[in-house]
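Note that our numbering has the sequence shown beginning at 33, numbered continuously upward. Even glycine gets a Cβ: it sits at the ideal position worked out from N, Cα and C. As the structure is a prediction and not an experimental result, all values here were calculated from the model.
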Amino acid sequence: MRQSVTPWMKFAVLAAVVAVPSLLLAADPGTAPKAAAPVVTVPVPAAAPVTSVVPSATAEVIPVAETPKAAEPAPAPPKAPEGEEKPEPVGASTCLACHTNKEGFHDNIHAKAWPRAKHIEFEQSCEKCHGAGSLHAAAAGDRSNPGFSTIRLPAELKTAEGSKTCLQCHEGGNRVHWEGSVHESRDVGCASCHSVHAGRKELLGADTVMDTCLKCHQNMRAEIRKMSHHPIVEGKITCTDCHNPHGTVGPKLLVGNSVNDTCFKCHAEKRGPMLWEHRPVAEDCTICHTPHGSNHNKLTKQRLPYLCQQCHTNSRHPGTIYAVNPTSVGANDPTINLSSRTLYRACINCHQQIHGSNHPSGKTFTR
Ligand code: HEC
Ligand code: HEC
Ligand code: HEC
Ligand code: HEC
Ligand code: HEC
Ligand code: HEC
Ligand code: HEC
Ligand code: HEC
Ligand code: HEC
Ligand code: HEC
């Protein structure tokens with residue numbers, strides 16, 4: 033997870049706020065504003081970013097031009113019990129007075145699309161997601177002030193519950209099966225994969241779909257780099273060609289109704305119908321293949337002939353590697369006694385049409 037604000041960092045930032053009241057926020061290096069405000073590097077030792085970015089010792093501190101008109105709503109008594117006072121909207125310009133590093137939001141797809149699509153003007157935008165901010169603004173960064181957390185903070189927005197904020201507008205489409213999906217039920221919220229402020233394509237939290245997924249699915253990092261693999265690292269296909277992370281009817285978040293349906297999207301020639309069907313092929317490609325990566329040829333789970341021998345031990349010609357005619361020349365010499373059934377492509381030297389055959393005499397998949 034990218035959220036890595038350690039307690040000492042928070043403390044240091046708070047300390048900085050206390051010591052230099054006009055310096056409220058450290059810049060997020062990723063989304064640092066192209067703002068006109070002069071960027072001053074202040075020698076506060078721990079000017080660590082408050083944002084979810086790897087801490088950098090040289091983080092810049094953006095001074096707030098003037099003290100924000102945060103006191104607008106009645107000055108909140110520090111320990112005001114919740115419920116006595118309702119937060120009111122203050123508008124984006126108030127938020128941006130303190131959060132200068134969020135000025136780039138102007139160029140965000142949301143800020144651009146909302147006026148037209150939802151009649152939400154820029155001024156209302158922040159609070160559409162974060163909730164009314166008057167009490168938060170009045171708290172001015174003091175986390176111990178109960179008003180501070182009256183807005184929806186990142187920790188809340190990243191949960192499945194917090195995702196309702198997004199679903200107000202994004203319920204349909206690819207997300208019809210979001211409710212009850214693996215990610216939703218494991219509390220992986222929209223903002224775990226999407227970074228609303230980053231402004232990348234599809235507002236993703238990382239540069240590519242693959243990197244977005246690998247943040248959590250670490251084991252796949254190795255899988256997709258094995259000797260035989262789908263060209264995911266090469267960028268020809270990606271995780272979302274096979275999975276819909278927002279939820280599906282099929283198993284394992286697959287885009288097709290079954291494993292095979294998913295594979296047929298690109299390997300249509302394997303669909304058939306075949307005159308002679310090889311049962312496991314029609315049943316599930318992953319009986320023999322692993323979808324992500326394998327150290328055996330062509331993404332097979334096992335090396336040939338072992339792959340076939342899991343099921344075929346008894347056939348008219350014996351299916352095992354020891355099955356050399358015991359009367360043949362050199363039958364007992366292991367250097368000569370190599371069955372064609374084990375060499376090179378083993379069984380598929382002869383059974384080439386392993387996925388099924390349309391040849392009238394292709395019953396045994398040799399043609
Ligand atoms: C579409 C919903 C949405 C809108 C609109 C929005 N935010 Fe956010 N904001 C989020 C989410 C979700 C996060 C959690 C971190 C992330 O996804 O980047 C967040 C995080 C933040 C943070 C925490 C710091 C950080 O970078 O993690 C600040 C500060 C913030 N937003 C301020 C603003 C301001 C100011 C505006 C208006 C200019 C605004 N937000 C508009 C959804 C939104
Ligand atoms: C008076 C200055 C001020 C105003 C106005 C203000 N904030 Fe903040 N806000 C802060 C400070 C300071 C922090 C950082 C506190 C910290 O990290 O310890 C913060 C933190 C946040 C966070 C992140 C909290 C977290 O858990 O990391 C969000 C989100 C946020 N503000 C949103 C908003 C929104 C939306 C508005 C407008 C409605 C707004 N703020 C107005 C000072 C302000
Ligand atoms: C008030 C309605 C509204 C809310 C709330 C909202 N969005 Fe959006 N979102 C839109 C609109 C409108 C667009 C523009 C594209 C479109 O028409 O689909 C959009 C676009 C997007 C896109 C596509 C970006 C692209 O490059 O195509 C993503 C991803 C997205 N929103 C995620 C989120 C997330 C995550 C949240 C919650 C933190 C959220 N949205 C909250 C209305 C909303
Ligand atoms: C597990 C990661 C993950 C989660 C959780 C997630 N998304 Fe996405 N989302 C993605 C990826 C990856 C894409 C890019 C899709 C692609 O490449 O086809 C995307 C695309 C989108 C898009 C644009 C294309 C489309 O499908 O319409 C929207 C809008 C969107 N997501 C909204 C949401 C909302 C709202 C939530 C929460 C309910 C959410 N996402 C949760 C990973 C995620
Ligand atoms: C924030 C962490 C996180 C991110 C990011 C994430 N996932 Fe997941 N994903 C999970 C968790 C938690 C599970 C539950 C299963 C588990 O414990 O491994 C899961 C399960 C899955 C499953 C198995 C579904 C099942 O039925 O067993 C698939 C497939 C999956 N994720 C695909 C993706 C893809 C594709 C992406 C990128 C678009 C992605 N995930 C991004 C956390 C994440
Ligand atoms: C070619 C299609 C395809 C691509 C591309 C793909 N997957 Fe999968 N994935 C599958 C299939 C099929 C399964 C179900 C495998 C099974 O049941 O053995 C699966 C299962 C999973 C699971 C669940 C694993 C488990 O053991 O339950 C996760 C997590 C996952 N994929 C993540 C990813 C991620 C992350 C990426 C991108 C790096 C990705 N997948 C790319 C087809 C694909
Ligand atoms: C989004 C398209 C897509 C989907 C869906 C897909 N594949 Fe592939 N597959 C490819 C591409 C592209 C290649 C590489 C072809 C090449 O390099 O010539 C490939 C190659 C393969 C190979 C040969 C690998 C090698 O080392 O040459 C196997 C086996 C395979 N896929 C099985 C599957 C299975 C099983 C599924 C379903 C779980 C599946 N594919 C789903 C696109 C896809
Ligand atoms: C009975 C085991 C088995 C099943 C089930 C199976 N395959 Fe294969 N597949 C193989 C073998 C063996 C190879 C060739 C391996 C080699 O050349 O080393 C292969 C090769 C491939 C290739 C690459 C060569 C080519 O023919 O294009 C693709 C793509 C492929 N399989 C897709 C699929 C799909 C899609 C399914 C499900 C519909 C499937 N396979 C089911 C055993 C199987
Ligand atoms: C998961 C078990 C399984 C695996 C693995 C498997 N097969 Fe099969 N195979 C079957 C079944 C079941 C049949 C159908 C048998 C029947 O109809 O009597 C079959 C049928 C055949 C037939 C036709 C038999 C006949 O009498 O018509 C041949 C040839 C064959 N398989 C070869 C192979 C080869 C070569 C491999 C390895 C690439 C392989 N099989 C892997 C289960 C498997
Ligand atoms: C040198 C070529 C060749 C190799 C190598 C070979 N086969 Fe065969 N196999 C055949 C031929 C030809 C037939 C058809 C016999 C017939 O129709 O009477 C056959 C038939 C079969 C059958 C169906 C007939 C039965 O008796 O059930 C199965 C199953 C089979 N082979 C499995 C395998 C397996 C498993 C391997 C790898 C260990 C393998 N074969 C390697 C040529 C070969």
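| Asked | Found |
| --- | --- |
| Buried versus exposed, by CB contacts within 10 Å (16 or more), proline 337 | buried |
| Cβ neighbours of arginine 257 in the same chain (closer than 8 Å, five flanking residues each side left out) | Val265, Gly325 |
| Histidine 278 in three-state terms, based on DSSP | coil |
| Same chain only: Cβ atoms within 7 Å of alanine 238, ignoring 5 sequence neighbours per side | Thr244, Lys247 |
| DSSP bridge partner residues for histidine 226 (one or two, in chain order) | Leu236 |
| Rounded C-alpha distance that separates glycine 304 from histidine 275 | 23 Å |
| Closest Cα partner of alanine 124 within the set Ala192, Gly279, Phe154, Ser166 | Phe154 |
| 7 Å CB neighbourhood of histidine 162 in its chain, flanking five on each side removed | Ile183, Arg184 |
| Rounded straight-line distance, which links the Cα of histidine 261 to that of cysteine 198 | 35 Å |
| Segment limits, alpha helix (DSSP H) that includes serine 217 | 214-217 |
| Close beta carbons around alanine 192, own chain, < 6 Å, minus the five adjacent residues each side | Glu216, Asp219, Gly221 |
| Pocket of ligand 5 (residues with CB nearer than 7 Å to any heavy atom), chain order | Met33, Val214, His215, Arg218, Val220, Ser224, Cys225, Val241, Thr244, Cys245, Lys247, Cys248, His249, Cys271, Thr272, His275, Pro277, Pro283, Lys284, Leu285 |
| Buried versus exposed, by CB contacts within 10 Å (16 or more), glycine 204 | exposed |
| Pairwise C-alpha distance: isoleucine 141 and asparagine 206 | 19 Å |
| Spatial distance of isoleucine 319 from glutamate 120 (CA atoms) | 59 Å |
| Sequence-distant residues of its chain with Cβ nearer than 6 Å to alanine 108 (five each side left out) | In this prediction, alanine 108 has a pLDDT of 40, which is less than 50 and means its spatial position is unreliable; what the coordinates show is noted afterwards. Leu167, Ala170, Gly179. |
| beta-carbon tryptophan 146 near ligand 3 non-hydrogen atom, thresh 7 Å | yes |
| Cutoff 7 Å; reference histidine 310; Cβ partners in own chain excluding five residues on either side | Ile386, His387, Gly388, Phe397 |
| Serine 166 (DSSP reduced to helix, strand or coil) | helix |
| Start and end residues, alpha helix (DSSP H) containing serine 125 | 124-130 |
| Strand pairing of leucine 286, partner residues [DSSP] | His275 |
| Contact under 8 Å by Cβ, proline 277 with cysteine 225 | yes |
| beta-carbon proline 29 near ligand 10 non-hydrogen atom, thresh 7 Å | Missing from the structure shown is residue 29; the chain here goes from 33 to 399 and no further. |
| Sequence-distant residues of its chain with Cβ nearer than 7 Å to leucine 128 (five each side left out) | Lys134, Glu135 |
| For cysteine 379 and cysteine 340, believed in contact at Cβ under 8 Å, the rounded distance | 5 Å |
| CA nearest to the CA of alanine 164, picked from Lys118, Pro147, Cys295 | Lys118 |
| Coil, strand or helix - glycine 267 by DSSP | coil |
| Reduced DSSP category for threonine 332 - H, G, I as helix; E, B as strand; rest coil | strand |
| Assigned secondary structure, histidine 261 (DSSP; H/G/I helix, E/B strand, else coil) | strand |
| Helix, strand or coil at tryptophan 308 [DSSP, three-state] | strand |
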